[in-house]
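Under the numbering used here, the first residue of the sequence shown is numbered 3, with each subsequent residue one higher. C-beta atoms are modelled at their ideal positions from N, C-alpha and C, and glycine is treated no differently.
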Amino acid sequence: MLEKYGDFLDVDEAASELHKSAWSIRDLCRKGELPSVKIGGRILIPKRELIKHIEKQLAAGVA
Numbered sequence: 003m004l005e006k007y008g009d010f011l012d013v014d015e016a017a018s019e020l021h022k023s024a025w026s027i028r029d030l031c032r033k034g035e036l037p038s039v040k041i042g043g044r045i046l047i048p049k050r051e052l053i054k055h056i057e058k059q060l061a062a063g064v065a
């Protein structure tokens, strides 16, 4: 899962993987529902946190 990425994904990459808009990903990050770090003007999501988010969604039957 997500092998083609390094340790972090940017908003556009995460949006593509989750089939959501970049705005939706930014909103999840802003709300703290998807842990992220901001470096300069970029929001980066740790791959392990994105995987946890996906697993949580699957467990809840949302995905």
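The beta carbons of Phe10 and Lys54 sit about 14 Å from each other, so the pair does not count as a contact at 8 Å. Your pair Arg28 and Ile45 checks out as a contact, with CB atoms roughly 6 Å apart and the cut at 8 Å. Straight-line measurement puts the Cα of Gly8 at about 17 Å from the Cα of Leu36. When secondary structure is reduced to three states using DSSP, Asp9 falls in the coil class, being assigned neither helix nor strand. Contact annotation: Ser23 and Ala17 have beta-carbon atoms nearer than 7 Å.
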